[in-house]
Each structure stands twice: as structure tokens, then as C-alpha cells.
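Below you'll find the structure, written out as C-alpha cells, and then a few comments.
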Amino acid sequence: MIDYAKALNEAQYAAVTSGDGPVLVVAGAGSGKTRAIVYRLAWLAEHGVPQENILLLTFTRKAAREMLYRAGVLLQQGLAGIQGGTFHAFAFNMLRRWLPPHLDGRAFTLMDAGDITAAIKHCKDALHLGRGDRSFPKSQSIAAFLSKARNKELSVTEVLEREAFHLLPHAEDITRLGAAYEAYRRERRLFDYDDLLFELEALLRDNEEAARTIRRRFTHILVDEYQDTNHAQARITRLLASGNDGGGNVMAVGDEAQSIYAFRGADIRNILDFPALFANTRVIRLEENYRSTQPVLDVANTLLANAAESYRKTLFTKRAGGEKARLITPLSDMSQARLATLRIQELLGAYPPHEIAVLFRAGFHSYHLEMALHQAGIPFRKYGGLRYAEAAHVKDVIAFARLALNPMDMPAFARVAALHAGIGPKTITRLYNALLTDSAESPDKLFIKHPGLLEDMRFVESLRVRARPPVDVFSAILEHYFPRMESLFPEDWPRRRQGLEEIMQMSASYGELDLFVADLALESPEEDEKDEENRIVLSTVHSAKGLEWSAVLIIDLVEDRFPSRHALARPEDFEEERRLMYVACTRARRHLDLYAPASVYNRAERGSMHVNCSPFVRELPPSLTEEWQENLGGALVRKKARADCGAPVKPAGPAGSGNSERLCRHRIFGRGKIIQHLPPDKMQVDFPGFGSKVILTEYLLMED
DNA sequence: TGTTGCTCCCTTTTT
DNA sequence: GGGAGCAACA
Numbered sequence: 019m020i021d022y023a024k025a026l027n028e029a030q031y032a033a034v035t036s037g038d039g040p041v042l043v044v045a046g047a048g049s050g051k052t053r054a055i056v057y058r059l060a061w062l063a064e065h066g067v068p069q070e071n072i073l074l075l076t077f078t079r080k081a082a083r084e085m086l087y088r089a090g091v092l093l094q095q096g097l098a099g100i101q102g103g104t105f106h107a108f109a110f111n112m113l114r115r116w117l118p119p120h121l122d123g124r125a126f127t128l129m130d131a132g133d134i135t136a137a138i139k140h141c142k143d144a145l146h147l148g149r150g151d152r153s154f155p156k157s158q159s160i161a162a163f164l165s166k167a168r169n170k171e172l173s174v175t176e177v178l179e180r181e182a183f184h185l186l187p188h189a190e191d192i193t194r195l196g197a198a199y200e201a202y203r204r205e206r207r208l209f210d211y212d213d214l215l216f217e218l219e220a221l222l223r224d225n226e227e228a229a230r231t232i233r234r235r236f237t238h239i240l241v242d243e244y245q246d247t248n249h250a251q252a253r254i255t256r257l258l259a260s261g262n263d264g265g266g267n268v269m270a271v272g273d274e275a276q277s278i279y280a281f282r283g284a285d286i287r288n289i290l291d292f293p294a295l296f297a298n299t300r301v302i303r304l305e306e307n308y309r310s311t312q313p314v315l316d317v318a319n320t321l322l323a324n325a326a327e328s329y330r331k332t333l334f335t336k337r338a339g340g341e342k343a344r345l346i347t348p349l350s351d352m353s354q355a356r357l358a359t360l361r362i363q364e365l366l367g368a369y370p371p372h373e374i375a376v377l378f379r380a381g382f383h384s385y386h387l388e389m390a391l392h393q394a395g396i397p398f399r400k401y402g403g404l405r406y407a408e409a410a411h412v413k414d415v416i417a418f419a420r421l422a423l424n425p426m427d428m429p430a431f432a433r434v435a436a437l438h439a440g441i442g443p444k445t446i447t448r449l450y451n452a453l454l455t456d457s458a459e460s461p462d463k464l465f466i467k468h469p470g471l472l473e474d475m476r477f478v479e480s481l482r483v484r485a486r487p488p489v490d491v492f493s494a495i496l497e498h499y500f501p502r503m504e505s506l507f508p509e510d511w512p513r514r515r516q517g518l519e520e521i522m523q524m525s526a527s528y529g530e531l532d533l534f535v536a537d538l539a540l541e542s543p544e545e546d547e548k549d550e551e552n553r554i555v556l557s558t559v560h561s562a563k564g565l566e567w568s569a570v571l572i573i574d575l576v577e578d579r580f581p582s583r584h585a586l587a588r589p590e591d592f593e594e595e596r597r598l599m600y601v602a603c604t605r606a607r608r609h610l611d612l613y614a615p616a617s618v619y620n621r622a623e624r625g626s627m628h629v630n631c632s633p634f635v636r637e638l639p640p641s642l643t644e645e646w647q648e649n650l651g652g653a654l655v656r657k658k659a660r661a662d663c664g665a666p667v668k669p670a671g672p673a674g675s676g677n678s679e680r681l682c683r684h685r686i687f688g689r690g691k692i693i694q695h696l697p698p699d700k701m702q703v704d705f706p707g708f709g710s711k712v713i714l715t716e717y718l719l720m721e722d
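The first sequence begins at 19 in my numbering and counts up one residue at a time.
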């Protein structure tokens, strides 16, 4: 038996050992939230809840796997019977079993991001929308707006009003496109990511029998990162956990201060309203921080204290000591890469590689650093940004498998067909129609002009004939595809070919092809786990959620990058950037390095541009950080006074009015009311959402 | 008519 | 570095 009382603090113990009924665990960063879930899983298993009755919904499959592994270690037994993964992966599994009625009993295929864009493009062309109109948004943006509208459950017009009012003239066309795109998916039995959620909700709501079976199966539900659920996910949680069979045994765990997915419809009202939705909810707060040293927490607390929304949360630890966070100001992003590499080499003397992470706002921000690390021979693993299954050659290979699974999978057919010279979009559509829908054209006549494609289709047919393990299917596909790679990718086919070998290993652990193909779209399966220990981690902040390292370096802390320049138009977006910064800082256990280069390379300007330091760095009181600055000789020198990045921030208002207020010098696009006219370089503006007055250097007023 | 090649532009975050 | 648009070619 595990000694729960000894291993946990009072609040954790209460959460772990709570009996039946709904529980909400509000857990600050580093407060042992994961520990609570792990022990909860063990506790449930020890108290007679069969493994197959437990459902663990997490933000990534990796998180689920890690928690199950740790609980298994505690119990000294495997926990393979517990279902764990993302809402989307869970939805896929359920829908695969209980096919929605409109599919007529036949399988569906999951679209990846590229398929979605291609499908929108197809519909756009079919409707003759936006031809020759440069102001018409690109397919990718349209996909983003449509998905956003669905996830936030708003109309396209409402979404555009909120975040892209310059596109409002196109609202009607985009709405029509949305309808066409939906028909496109229906006709071809394709599901996009959002369909998974809404179809699962429909299943639980409309299919009595399925709902009863699923509820009876999953009597105990745990949902991690609940602050980042959207409305559909909250309804799914409710549908799963309510009713006579379910018993309402649901435990939601989250932290509203770490909500960073509003852009895809996450709403912290879900976590705030949880007690109202589930009667008799027990609310448990985990407040003490076990992860970080106090100097790291001081930085995080400052960020949160300056938030417009009051979270009334101050992280504290009982552990004494710890180094101050470092604030480093390199001259450029190039020297930032060099200095960060040096720092990593220094840290490698004290910590194993997997205890060191570099975090950044967007995938491309790490390019310079990746090159520097490569040159220094420091291996790393990157999370976020482009993923394995998004590379062209991987998509090609998967397209063959998808076509074998679903002959109507148009995006897959288009990929396979486009491998042949002389076949473009028009021919693809004609071929597809001739082959799979009623069309006057005879497929034979069309295909006779393209014998290579005909051979491909015969090959796909051969894959379809009998069920084989996925690894055999992919071995056949690779054999079929390899000879063509040299002409398809003349510059780098050996590298790509090597990358494809991995797909064999990945597929080896799968028994069914459709599961493997879906997982590639839902989440890249891990590659060589063995090597993991020997690599440092590079990650977007979003992908770093829930993780922690001994040393964390945050790079590119400059205006327009972190916060993202897309987040300046609306106060709530800016606030989400702040929470993102909070999440980034609270990943660190002992060392936190903040890098704010004085210039970054800008492609559009074809050169390095001076940039201002991030407002999140400027607002940190000098006492909280130890400041280092790169001198012209390329060396780091300790700064005694406040680093003067960008321009000094001085209270500019009349005496008595401004000194206690947070003053932030920033360029803002958006609305605001000028409350006091000042010289152009110091304009004081009342900006809704910032919670205080703001000093602006440039102000582009886009008033209503 | 449809495909391919060239040039310009913008580059967030994820399932 | 990839997508979209335009112009030249088959």
C-alpha cells in the first residue's frame, strides 16, 4: 500500500483521496498538480476501480503516458488498461467504434492541416471566389477563421469583427466557403479536427445506446489542463460524466492563470463555472510551489501582478535560496544564439542535457540557435513548429496508406496523382470525378494518358486487398516510393529517405493501419526515446506546457516577437501573451535566463533591425534580475544599473498621477482613449484591458 | 486549356 | 521557405 498521507501535502491528499462526485482542483504552477493526478490514478486503482473504467484526458498524449507510467511505478504494476490521451484522440477512438449515421457505416479519414488548406483552396476555386483579388484572404487564413468560428461557436462575421475587421467585406464569401468546405468533407467522408469534437458531442447526445455504453465504460474521468478546454470540450465532459450511469465522478484540474489557448476557443469560464455546472463540486486549491526557487517565482509573480485580470495568486515556496533570474541583452539575434550556446555549454557542466530547455514564442525564432547548437555539436530535440508528418515526403507516403483505407480521400488522391508530371489541379479533379463520382467521362480513357498513375492505383488496390499489419503496408509503400525520390527531391533526397525509415519503427507498435494514420495527424509518435536523455530541449512555449526543467532560457524577448505582433490589436490577446510569458517562466526550477537582443534579422527589410525589449521584461523591477550586456567586443559584462533596452521608461504624467502606475512604452494598434496629450514621444493613453495607463511611442488610432 | 516556372510576400500559438 | 499570382510554354 502507498502511504498517501506521507507522500502528499494536505490539499493534494484531499484531492487524491476524495470519494465519488465532482472535484475541481485549482492548481497553481508547480504546485504538484501532476503529482496529484498520478497519485489519484494509483488511489483509484488501489480502491477497486478497474483500469478500463478510468479515462484520463490530457493536453498531449505524452502527458498522459507519463502520468500513467508514474502511477504504474507507484503501484508496481502496469496501467495499460487506462485510456489516456487528448480529447481529439479519444473522440477518434469513440467515433471509429460508433460511426456517425451520415457515414452509412463506412470509415472516415482524418484530415491534417495541409489537407484542410487544400480543401479550402479547392472550394474557393470551385466557387470562383477571390480570383484576382489580392485583398481576399489566403486559404490558410480562411481555414483558421472557419476553425476559430467553430471552436468559439461564433459566426464568421463575429470572428472577423473581433480580429480582422478589414476582412469584413468578405464575411459573406467566407461563410459560403465554410458551407462548401463542410459539403466537401461530407461527400468524401473526411473529418477535420473540429469535426472530431462536434461529432463526439453529437454521438453522446443523440445516440442513446452509445452514450450509455460509453458512460458505463468510463465511470471515473480526469481532465487535465481544464482551463484550456473550449465549450464543446466542456459539454463533452458533462455528457460523459453525467447521467445515471456515469455518476458524476469527474475530476477537473487546471489553473486559469495558465490559460493560453483562447485563440482556438479555450474559455476560462469553463473552469470558473465548473462548480455551477456540476452540483456539489468539491473545490481544492493547491497553492504551495514545489518546483521553483523564490527568485524565479518573483519574476512570475510580477508578471501576474501586472495582469489586467486579477488572479489573486502569488506563488510561494518554503525553500530558501536560489539564483536571481538573469537578464541578458545581446547585440543581435545572431549573438544571442552564440551567447545562449555558451550558456548551455556552461549549464551542461552541472545538469544532464534533458534538464535544459530553450523556450520561444514561435517555431521560427529558434533557427539561428539551431544552427549555433549544431555547430557546437550539442544535440537537441525541438517541439512545436513543423512536425514530422508535415514534411512533403512523409505526406506522400501516408497518402498511399490513406487511399488504401478510403478510396474517396481526395487530398490523398491529389497527392498521389500530383507525383506524376503533367498532372495538375484540373486533371486531378477530372480524374477523381471520373473515378469516384458520377461523371460522363470514362475513367479508362482518362487514365490511359497517365499509365504511371494507373500503376499507382493498382498498387493501392494491392494494399487494400488484404489486411496486413501497418508495418508491412509501409514497407511495401516505401519500396514503391523510394525509386522516385531522387527525381522528386534532387537536392536532399538522401536526408528525406533516411527520415522515412523512421516510419517503419513508428508503425511497428500499431495493429491497425487507420489508428496509426490518425495518430500521425493527431500527434507525432515519439521517435527514438533512448536518445531523449542526451538532448537539450527547444520548444515553443505552447508545447512546453505542463513540463519543467532545471534551467530554462527564454529567447527573443523583444517587441513583435514576444509578445507576438498579432497580439497588439486587442487587450485580451495581449493578456494571453502575458499568461504565456508566465507559463514560460514557471517552467524553470533553478535557473531562468531571459534574452532580449537589441536587434533581430528581418527578412522583409533584408537586414537587422533595431528592436525594443519586450514589455514583459521592461516591467520587471531591476532588483529581480541580474543584468548582463554584450559589449561591442562580443563579451558579456555585468550591468549594475537597470538595463536600458529600448528606451528608458519614465513616469511621464503630471506629479502624483503616474508614479504608482505601471507605465509601459509600447507601440499599439487598436482602440484607446487619449486622456492626456503629451509630446509625441510620450503619449499617455487610457487603454482598456491594460489595467493602467500606458505610455505610447507610436499610436495608430483605429477608432470606431 | 492546363501545367510549370518565376517572383513577390509574409512568416503565431495546436489538435 | 512556402504559398499565391502571373506569364510563358506544351
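Here a beta-carbon is modelled for each residue, glycine too, at the ideal position from N, C-alpha and C.
Assign residue i to one of three DSSP states: helix, strand, or coil.
i    : result
M106 : Reading off the sequence, residue 106 comes out as His, not Met. In this structure, H106 counts as helix in the three-state DSSP scheme.
I713 : Low confidence applies here, because I713 scores a pLDDT of 45, under 50, leaving its location unreliable; read the following figure in that light. It is a strand residue.
Y426 : Note that residue 426 is Met in the sequence shown here, rather than Tyr. M426 falls in the coil class under three-state DSSP.
T604 : coil
H584 : helix
S561 : helix
G272 : strand
N71  : helix
K166 : helix
H609 : strand
R337 : coil
S568 : strand
K156 : coil
D578 : strand
R83  : helix
I346 : strand
E648 : strand
R484 : coil
Whole angstroms are fine: how far does the CA of residue j sit from the CA of residue i?
i    : j    : result
L128 : D210 : 6 Å
Y244 : T104 : 12 Å
Y308 : E341 : 16 Å
T175 : A167 : 9 Å
D611 : P508 : 42 Å
L75  : L360 : 39 Å
D38  : F236 : 13 Å
N552 : L453 : 50 Å
E566 : T52  : 11 Å
L93  : L62  : 11 Å
A29  : V301 : 10 Å
H188 : Q251 : 30 Å
G442 : H146 : 18 Å
L54  : D130 : Residue identity check: residue 54 is Ala in the sequence provided, not Leu. One C-alpha to the other measures close to 34 Å.
Here's the rule: buried if 16 or more other CB atoms are within 10 angstroms of the residue's CB, otherwise exposed. What is residue i?
i    : result
K170 : buried
D549 : exposed
K24  : exposed
Y279 : buried
Q393 : exposed
T455 : exposed
V771 : Residue numbering for the chain in the displayed model covers 19 to 722; residue 771 lies beyond these limits and cannot be assessed.
Can you round the beta-carbon distance between residue i and residue j to whole angstroms, since I take them to be within the 8 Å contact cut?
i    : j    : result
L322 : K336 : Not a contact, Cβ separation roughly 20 Å.
A125 : D537 : At roughly 15 Å, the Cβ-Cβ gap does not stay under 8 Å, so A125 and D537 are not in contact.
L59  : L97  : 7 Å
A343 : T604 : At roughly 12 Å, the Cβ-Cβ gap does not stay under 8 Å, so A343 and T604 are not in contact.
F378 : D574 : 5 Å
L195 : I138 : 7 Å
A614 : V576 : 6 Å
S766 : D316 : The structure shown does not extend to residue 766, since the chain is modelled only from 19 to 722, so the question has no answer here.
At least three beta-carbon pairs within less than 8 Å, the segment 473 to 491 to the segment 410 to 424: Note that the segment 473 to 491 touches the segment 410 to 424; at least 3 beta-carbon pairs, one per stretch, sit closer than 8 Å.
Inter-stretch contact at 8 Å, needing at least 3 Cβ pairs: the segment 300 to 318 / the segment 55 to 71: Cβ pair count under 8 Å is below three, so no.
Segment contact, 8 Å Cβ cut-off, at least three pairs: the segment 241 to 255 with the segment 287 to 297: Judged by Cβ distances under 8 Å, the segment 241 to 255 makes contact with the segment 287 to 297, as three or more pairs qualify.
The segment 400 to 417 contacting the segment 512 to 522, beta-carbon criterion three pairs below 8 Å: Cβ pair count under 8 Å is three or more, so yes.
Contact between the segment 552 to 570 and the segment 366 to 385 (3+ Cβ pairs under 8 Å): Yes, they touch.
Given 8 Å, three or more beta-carbon pairs between the segment 431 to 447 and the segment 468 to 479: With the cut-off at 8 Å, the segment 431 to 447 and the segment 468 to 479 touch.
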